[in-house]
Each structure stands twice: as structure tokens, then as C-alpha cells.
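**Student:** Numbering (my numbering), first residue to last: 102 to 982.
Backbone N, C-alpha and C fix where the C-beta goes; we use that ideal spot for every residue, glycine too.
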Amino acid sequence: MRTDTGQVIHLADYRPTDFVLERVDLTFELDPTETKVEARLIFHRRPGTDPTAPIVLDGDELTLSGLLFDQVEMDPARYDATPESLTVRDLPESAPFELTITTVINPEANTQLMGLYRTGGIYCTQCEAEGFRRITYFPDRPDVLAPFTVNIIADKDANPLLLSNGNFLGGAGYGPGKHFAAWFDPHPKPSYLFALVAGDLGVVEDTFTTMSGREVVLKIYVEHGKEPRAAYAMDALKRSMKWDEERFGREYDLDIFMIVAVSDFNMGAMENKGLNVFNDKYVLADPELATDADYANIEAIIAHEYFHNWTGNRITCRDWFQLCLKEGLTVYRDHEFSSDQRSRPVKRIAEVRHLKSEQFPEDGGPLAHPVRPTKYREINNFYTTTVYEKGSEVTRMIATLLGKDGFKKGLDLYFDRHDGQAVTIEDFVKCFEDASGRDLAQFSLWYHQAGTPLVTASGSYDAAAGSFTLSLEQMIPATPGQPTKEPMHIPLSLALFGENGGKLEPSSVEGAEYSGEVLHLTGRTQTAVFHGIGSRPVVSINRSFSAPINLHFDQSPADLAHLARHETDHFARWQALTDLALPNLLKAARDAREGKPVICEATFVETLLAAAADQSLEPAFRAQALALPSESDIARELGSNNDPDAIHAGRQAILKQIAEAGKDVFAGLYAAMTTPGDFSPDAKNAGLRALRNTALTYLSHAEQTPARAKAAFDAANNMTDLSHALTILAHRFPDSAETSEALESFRDRFAGNALVIDKWFAIQAGIPGAKTLERVRALMQNPLFKRTNPNRMRSLVGTFAFANPTGFGRADGEGYRFLADQILDIDGRNPQLAARILTSMRSWRSLEPARADHARSALIEIEQAPGLSTDVRDIVERTLK
Ligand code: 0A1
Ligand code: ZN
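1. Between the segment 749-758 and the segment 472-485, are three or more C-beta pairs nearer than 8 Å?
2. Please identify the residue among Phe-366, Ser-647, Thr-417 and His-288 whose C-alpha is closest to the C-alpha of Asp-354.
3. Tell me the rounded alpha-carbon separation between Phe-309 and Thr-798.
4. Would you call the CB atoms of Leu-729 and Thr-104 closer than 8 Å?
5. Rounded C-beta distance between Arg-147 and Asp-119? I'm assuming under 8 Å.
6. According to DSSP, which residues form a beta bridge with Gly-602?
7. How should Thr-100 be labelled, buried or exposed, when 16 other C-beta atoms within 10 angstroms of its C-beta is the threshold for buried?
8. The alpha helix (DSSP H) with Gly-633 in it runs from where to where?
9. Taking 7 Å as the cut-off, is the beta-carbon of Tyr-484 closer than that to any non-hydrogen atom of the ligand FMN?
10. Could you please give the first and the last residue of the uninterrupted beta strand (DSSP E) stretch that includes Glu-437?
11. Could you compute how far the alpha carbon of Glu-400 sits from the alpha carbon of Phe-483?
12. From Ala-331 to Tyr-489, what distance separates their C-alpha atoms?
13. Can you tell me whether DSSP reads Lys-457 as helix, strand or coil?
14. Would you mind listing the beta strand (DSSP E) stretches within the segment 156-184 that are 3+ residues and don't spill past its ends, in chain order?
15. Quick check: the segment 637-646 against the segment 661-674, are at least 3 beta-carbon pairs closer than 8 Å?
16. Would you tell me roughly how many angstroms separate the C-alpha atoms of Arg-497 and Tyr-433, rounded to the nearest one?
17. Can you tell which of Asp-922, Gly-267, Leu-163 and Thr-557 has its C-alpha closest to the C-alpha of Asp-181?
18. Using alpha carbons as the reference points, say which of Leu-925, Trp-945 and Glu-306 lies closest to Thr-971.
19. Quick check: the Cα distance between Ser-947 and Leu-981, rounded to an integer number of angstroms?
20. Do Thr-704 and Leu-681 have their beta-carbon atoms positioned less than 8 Å apart in this structure?
21. If you count every other CB in all the chains shown that lies within 10 Å of the CB of Asn-296, and 16 or more means buried, which is it?
22. Which value, in whole angstroms, describes the spacing of the CA atoms of Arg-116 and Asp-244?
23. Residue range of the alpha helix (DSSP H) that Gln-725 falls in?
24. Please report the straight-line C-alpha distance between Asn-377 and Pro-261, rounded to a whole angstrom.
25. With distances taken from CA atoms, which of Cys-701, Thr-201 and Thr-150 is nearest Leu-165?
26. Could you tell me how far apart the beta carbons of Pro-891 and Leu-934 are, in whole angstroms, since I believe they sit closer than 8 Å?
27. Leaving out five residues on either side along the sequence, give the residues of the same chain with a beta carbon under 7 Å from the beta carbon of Ala-689.
28. Mind checking whether Ala-362 and Val-384 have CB atoms under 8 Å apart?
29. So is the beta-carbon of His-663 under 7 Å away from any non-hydrogen atom of the ligand 0A1?
30. Could you work out which residue in Pro-592, Leu-792, Phe-722 and Met-359 is closest to Pro-649 when comparing CA atoms only?
31. Under the criterion of a Cβ to heavy atom distance below 7 Å, does His-405 qualify as lining the ligand 0A1?
32. Within 10 angstroms of the Cβ of Pro-807, are there 16 or more other Cβ atoms? Answer buried if so, exposed if not.
33. With C-beta atoms as the reference, is Leu-541 less than 8 Å away from Val-530?
34. I need the straight-line Cα distance from Ser-636 to Ser-733, nearest angstrom please.
35. Does the pairing of the segment 140-159 with the segment 239-259 give three or more beta-carbon distances under 8 Å?
36. Can you tell me whether Leu-270 is buried or exposed? The criterion is at least 16 other CB atoms within 10 Å of its CB, across all chains shown.
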């Protein structure tokens with residue numbers, strides 16, 4: 102394991118390599134513990150650079166077993182090899198030369214899951230960001246691109262499949278019991294996109310005919326016997342390929358596209374050229390085993406990785422500071438895809454919920470960083486919701502500023518201008534400036550300034566003048582390393598609604614650019630006057646969440662209720678309902694803390710129940726409206742001195758009051774929202790299930806007994822309904838006989854299915870209350886628990902730390918101490934996973950003083966432990982700062 106060197110990498114230090122890599126030829130002789138890797142690399146010195154400079158290649162835990170220079174053994178005086186680097190001197194001034202580097206690596210011992218490793222009996226690689234240097238010495242950085250030839254030699258019986266990037270060149274027997282295969286990828290690529298997979302897997306095959314009429318073979322590899330469960334992923338892949346052609350004119354560029362599903366994977370999936378490797382959680386689905394959320398995730402991630410072929414692979418990042426160049430853009434593209442495939446407003450609500458619950462706390466805490474950071478200690482720690490989700494929001498704002506066609510023109514220019522290159526955010530933004538003529542200099546601050554802007558709005562109506570004045574102010578909070586901020590360009594989608602619910606169109610607007618229903622806030626303060634407004638308007642600001650900001654706008658419950666009924670943008674209706682809910686939930690938390698009774702305001706309950714019963718609204722929308730802000734949303738809004746128990750108690754009391762007031766509505770929905778015919782995972786049917794299950798949750802609050810949930814559990818014929826019923830039982834009635842029985846029957850029925858057993862662990866890890874820690878400890882002793890499997894770790898330890906504020910945050914601090922022990926244990930095997938789970942501590946400073954003290958002690962315990970990885974040291978030190 103790489104332990105911390107304290108080295109910080111700065112964007113300002115970027116310079117191109119001294120040597121240009123022309124070609125890569127790799128030969129792998131696979132063996133579980135001693136794999137031999139021979140890398141033949143052809144370089145020439147970059148013209149104009151120091152003619153005496155040595156070449157320095159990256160390594161990570163490597164030992165050199167051989168080095169040839171132009172096929173002749175190299176004089177040891179000319180090179181130095183350490184586990185971290187290979188330096189070669191006295192190289193030709195301009196002529197190309199070849200280095201042949203031999204290393205021997207141990208895939209079986211690779212528990213970090215970076216580089217070449219073993220999972221479920223197969224060989225697999227993960228090279229982003231810096232995993233390739235664990236395979237061979239290499240200029241392991243994204244701006245070094247070359248065509249790769251890959252030869253794989255392995256035992257034939259154990260590894261009938263030998264896969265790598267690009268197109269298949271050929272294969273044959275190779276001595277007794279062995280065979281080989283050769284692959285060639287003509288598209289120059291950086292090392293992080295390299296992949297190799299070998300082993301024995303089942304396959305699902307299909308084809309796709311591209312818009313220019315080429316036939317592409319599609320293959321999804323899964324464990325034998327699981328082939329039928331890859332059908333949905335295959336369908337999602339074909340829809341993604343078609344959509345990218347139609348929406349963005351992007352055609353696939355190899356003869357074959359392969360996906361391999363593996364069970365041990367640190368992240369969701371990886372876009373290696375022509376050979377995507379997936380966490381099997383995001384490939385495998387059938388109604389009995391996968392929830393509607395699983396189906397939606399599979400569709401989104403299949404699309405995401407496929408879309409990377411153009412945004413990431415054909416055009417890649419110059420350096421890792423530019424990560425949002427590929428990730429923000431590709432998330433934006435997968436969001437658009439899912440919006441087109443499903444319901445746009447419902448998808449937008451889900452995106453914003455995710456952004457607020459994951460990215461806003463990051464941006465408001467010690468781990469805040471710009472979308473395009475300027476320094477890092479460990480790049481693995483920058484695969485964050487800020488880079489991905491806020492990066493996507495920034496891309497979305499460019500589309501809002503330029504309009505759909507303007508955005509498409511800019512993106513076309515980007516593809517034309519930069520195909521085959523490794524570029525920067527500045528190059529990307531320039532394409533949109535050049536295509537539209539719009540100056541994006543101020544807008545670019547979104548890439549450089551961290552922190553969620555707070556926009557405060559207030560309005561006044563002048564009936565005599567027929568004008569409405571809106572005063573706006575923006576404030577961007579200080580974040581680590583950025584004490585002061587410049588005002589940003591914030592595009593606010595905005596509309597005015599009249600008393601009868603219709604839209605009011607202003608005759609003119611003074612004081613701010615307002616076009617296409619977008620108001621451009623560019624000053625620190627700004628006053629916009631809307632003329633020609635005949636009656637007092639109800640204003641809707643930041644419709645569709647056009648900008649990722651916090652908005653403070655003091656609107657009356659009556660005005661919010663008006664928007665919840667009349668807004669034409671359904672996202673904004675949901676926002677109005679949320680804005681009605683929040684003050685109730687905040688007050689409930691305060692009242693619960695002081696032992697006062699919790700009382701819910703009437704307009705809110707009436708408006709919410711009216712939306713729930715409104716048949717003109719999509720069921721999926723109604724389910725989202727009824728799912729109140731979460732406990733961590735409430736904590737974030739409260740901001741400081743948080744007591745998770747009071748937040749929980751207050752929220753539960755509000756849920757109960759809504760449930761009691763709406764008992765008939767919920768009983769009606771529960772009866773009516775049935776899905777006809779065979780199971781279908783489409784958005785419409787998923788919406789019916791979501792609303793029915795939400796009704797069930799409220800009914801269980803009204804009835805206060807597990808009976809109805811248990812009956813739903815017994816009757817369920819799909820995983821969505823089954824796991825929802827089990828969650829109600831476990832979270833609401835943890836000590837009931839019904840719950841024990843359901844948990845046991847679920848475990849027995851699915852013991853052989855890892856992905857479903859992950860749900861069983863996660864549901865229990867999420868049970869509110871102080872007692873859950875003991876349950877989690879006991880579950881770690883369960884024979885089904887597997888420490889080395891990242892999905893299993895995330896389902897138990899991750900869910901407990903990220904999604905159980907009262908359990909993890911129990912008053913005596915035992916939850917935090919437990920986490921410290923787990924982090925140190927995980928860090929010894931898999932630093933990336935340890936660091937990610939540790940980010941669950943990012944909001945510790947907003948806890949009430951006693952809990953904050955416990956949290957700090959646990960963090961210090963981690964910080965002081967010997968031999969920490971760079972990953973964990975970086976997170977723990979930033980979290981404590
Ligand atoms: N580029 C991938 C994410 C990814 C990053 C690092 C990894 O290392 C374990 C794996 C995957 C994506 O955006 O999907
Ligand atoms: Zn990605």
C-alpha cells in the first residue's frame with residue numbers, strides 16, 4: 102500500500118512530458134500470483150525540450166524484472182528502478198527508441214482493486230486514475246495517448262475468455278494447456294482507459310447498426326447462469342447508442358462494444374475503451390431481484406459509461422484537475438438521456454434531491470473544493486459529487502445560457518476541434534463562447550469558486566404602476582482556501598403567476614437581462630423591475646433548479662400553495678411543496694428538542710394531500726411530493742447545533758399527523774395504484790409502485806402496527822414492493838415478531854444472491870436509534886458478511902454511517918468510534934473504499950457540542966494511527982481542519 106508522502110500536486114505545475122509515446126505493445130502471461138507483464142514502449146524526445154533529460158516513468162509497488170533498450174539489455178548504470186519510478190538516462194536526442202520493461206505482479210494479492218486483480222475467479226483491471234502504474238512502469242497520466250496492442254496468454258480451461266480494448270486481432274493455442282489472444286485499439290488512448298479481462302464468463306450478445314450503417318457487435322459478460330439478468334442492460338445500451346446519435350450526432354467507432362460485470366469493484370463502472378467494466382450491481386436485474394431504483398440506476402450508468410466514449414475517451418482530460426471535463430459533461434448527458442426516456446420533471450426532482458443531499462453538504466463542509474480543483478494530494482478523493490453532479494449542473498447552466506440549439510452548436514465545435522486530444526475546461530468553455538458569441542468569463546467562476554451560492558430574494562408589487570420589483574442578493578460562503586468570492590453569473594429561470602393561476606408576461610424588464618424566462622443575476626446585488634404586471638404576482642424563482650443554489654425567498658404559505666397548484670413547471674410545484682414542508686420540519690425538530698408538542702401547519706397538510714389525490718399529476722410525481730425532506734436535509738437546513746434524535750422525533754411526528762389527516766387518501770391510493778399485467782420496469786409502472794408504497798408508509802404511520810406492512814411483504818411479487826415492506830417493518834417496528842420473521846424469510850430466500858443480501862444488510866443498518874450499532878456489530882459476524890467485498894461493506898458500514906443519523910450519531914459517540922475502527926481496518930486492504938466511507942464524517946461540525954466532541958475524538962484516533970494510506974490521511978486531515 103502507498104502510505105502518505107505528504108506530496109501535493111498543483112495545477113500550476115502542469116507541463117507536458119519530455120517524451121512523446123508513439124506506441125504501446127503489451128504482453129501478459131496471466132497467473133493468479135505471478136503474472137508477467139512485458140511492455141514495449143516506443144518514445145521519441147519532444148522537439149524543443151532538454152536533449153539530456155532522462156525519462157521518468159511512474160510505478161506503484163512494482164519491481165523491475167528486466168529492461169531492454171532497442172531490444173538489447175540495458176546497462177544498469179543507465180537506469181534506476183524503485184517501486185514508484187523507473188528513471189532511464191542517456192537517451193537519443195531525437196531518434197525514436199524502444200524500452201521493453203518486464204514486471205511481475207500478483208493479482209491475487211491485490212486487495213486495493215486498482216491495477217490487475219482477481220474477482221470471482223476472473224482477472225480484471227481498473228486503471229483510472231493511477232492504476233496502470235501498478236501493472237508496469239509507464240507515463241501514467243491522461244495527456245499521454247497512444248495506440249495499444251495487447252497480447253494475453255493464459256490457461257485455456259480456466260480462462261476461455263481473453264479480452265482487451267479495441268478490435269480482436271486473432272488468437273490461437275500457445276503451448277500445452279495455454280492459448281493467447283491479441284487485441285488492437287487504433288484510437289490513441291491514455292493508460293487509464295486500458296482494460297484486460299480474462300476468465301470464464303457467460304455472455305449475452307446482440308448487434309447495433311449505427312447511423313452510417315455499420316454493424317457493431319455488443320456483448321455483455323456475466324457469471325454463468327446470470328445471462329437472462331443482463332437483458333435490461335443490453336436494452337439500455339442499445340437505447341443509449343441510438344439516443345447519442347439522435348441527440349448529439351455521436352456514432353460508435355469500433356466493431357465491438359463489450360461490458361463485463363464483476364462483483365468486486367470500488368466504484369459504479371468504468372468506461373475503458375470498447376471494454377467497460379461494471380460493478381455487477383449496475384448490470385444485473387430481474388423483477389424478483391431488482392428494485393425500480395436498481396433498474397433506473399442500471400439504465401443511467403450503462404448510458405453514462407457508453408457516453409464517455411465521446412466525452413472522455415475520444416476527447417480526454419489534459420490532467421486530473423480537469424476531471425469534470427469528462428465527468429460533469431457525461432453526467433449531464435446521462436441525465437438528459439434518462440429525462441428523455443422517463444419523466445423529465447420526476448427525473449429532475451430526483452437529481453436535485455441527490456444534489457442537495459450529497460453535494461450541498463460537501464460544498465458546505467471541510468471537504469468543499471471547486472468543480473475544477475487546483476491542488477490535490479490523492480486524486481482518488483476527487484471523484485466527488487462536486488466534480489460529477491455540480492459539474493453536470495454547470496454544464497446544464499451553459500445549456501440554459503445558450504439554449505438547446507446553441508448548446509448543440511458549441512458541443513459540435515468541441516467534438517470537431519478537439520477530437521483525439523487531451524484538453525482543459527478552458528478549451529471546453531471556449532467552444533461555447535466561439536459558437537455563441539457569448540462571453541462566459543464571469544460564468545466560468547462556477548468552475549473555480551467552491552461553495553453553494555446563497556441567493557436572497559424579496560419582491561414588492563406596485564399596483565398603481567403595474568410593476569413588480571424583485572431585489573436579489575448573492576453570497577458565496579467561504580470555503581477551504583477561498584475566504585472571499587467574486588459574484589457569479591447565476592441564471593434563474595423565473596415566471597410570474599396571476600391570481601387565477603395563469604402566467605403574467607411582463608411588457609419589459611429593467612435592471613437585469615431577462616430572456617426566455619431566464620433572469621441573469623450577475624451583480625452582488627441586483628434589482629429587476631417587471632413592467633406591465635396587472636395584478637399582484639406570485640413569483641416562481643429557480644424553476645427546474647436552473648442554478649445549483651440555496652434560495653431564501655420569504656414566500657407565504659398561501660403563495661407556495663398557489664405555486665404547488667398552478668406552476669406549469671412540475672419541478673417547481675415539487676419545490677413549492679418542499680418549501681411548505683421545511684419550516685414545519687425545522688420547527689418540529691426544535692420543538693421536539695425542547696419537549697414541546699409538534700404541530701403541523703394546516704395549509705401545508707392540505708396542499709400536500711391535495712397533490713397526493715390529484716389525478717392529473719403523475720403517480721411518480723406524487724410519490725416524490727409525499728417523500729418529505731430527509732433527516733439530513735433538515736440537519737443541513739438547521740445548519741448548526743444539530744441533535745439527530747430531535748430531528749428524527751420531529752419528522753416522525755409530522756409524518757404521523759399527515760398520515761392521520763390523509764388516512765382516507767392513502768387508503769384510496771393504496772387500493773388504486775396497482776400495476777396491471779406482467780411486471781414491467783418502465784417509468785410509468787415504477788411510478789405506480791412508488792405511490793402505492795408511499796401510501797403504505799403513511800398508512801403504517803397512521804395505524805402504528807406492522808400488520809399491513811407484513812401483509813404487503815407476504816403478498817409482494819417483485820423486489821420493489823418486497824424491500825419496501827421490509828424497510829417499513831424494520832425501520833418502524835424493529836422489535837416486532839413480524840419484522841424478525843420477515844428478515845429471516847428474506848435472508849433464507851436470497852442467501853445465494855449477493856446483490857439482494859446487500860439490501861438485507863442495508864435495511865438493517867438503516868434502522869433508526871441507538872440500538873442499531875449492536876445489530877451492525879452482530880451482522881459483521883454473520884457468515885454472509887464479506888469484508889473484502891466493497892458492495893457488502895458499503896451496504897452495512899456505508900449505510901450505517903451515511904444514512905442512519907440517529908444510529909451512527911448516537912449520543913454516547915460509540916457510532917463514531919465504531920467507524921474509526923472500521924476505517925483503519927478497511928484502509929489496510931482498500932484505501933479508496935476506506936477514504937470514501939470516511940467522508941460520512943464531513944458534517945461533524947454542525948452537530949451539537951457533545952456529539953461534535955465525540956466525532957472529533959474519533960477523527961483524531963484515525964489521524965494518529967500509524968501507516969495510514971494517502972487516501973485516508975488526506976480525508977481525515979481535511980475533515981479535521
Ligand atoms: N470514470 C468512472 C468512474 C471511476 C473512477 C475511478 C475508478 O476507480 C476505482 C473506477 C471508476 C465513471 O465516471 O464512471
Ligand atoms: Zn464518468
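**Tutor:** Checking against the coordinates, here is how it stands:
1. no
2. His-288
3. 43 Å
4. no
5. 6 Å
6. Answer by DSSP bridge pairing: none, since Gly-602 is not bridged.
7. For the chain, the structure presents residues 102 to 982; residue 100 sits outside this window and is missing.
8. It is not in any alpha helix (DSSP H) - Gly-633 carries neither H nor E in the DSSP assignment.
9. The ligand FMN is not part of this structure, which contains only the ligand 0A1 and the ligand ZN.
10. Run containing Glu-437: none in the beta strand (DSSP E); it sits in the alpha helix (DSSP H), 424-442.
11. 24 Å
12. 26 Å
13. helix
14. 156-159, 165-170 and 180-182
15. yes
16. 7 Å
17. Leu-163
18. Leu-925
19. 13 Å
20. yes
21. For the record, residue 296 in the displayed sequence is Ala; it is not Asn. Buried, since its Cβ has 16 or more Cβ neighbours within 10 Å.
22. 10 Å
23. 720-727
24. 19 Å
25. Thr-201
26. 5 Å
27. Val-699, Gly-751, Arg-752, Ala-754 and Ile-755
28. yes
29. no
30. Pro-592
31. yes
32. buried
33. yes
34. 39 Å
35. yes
36. exposed
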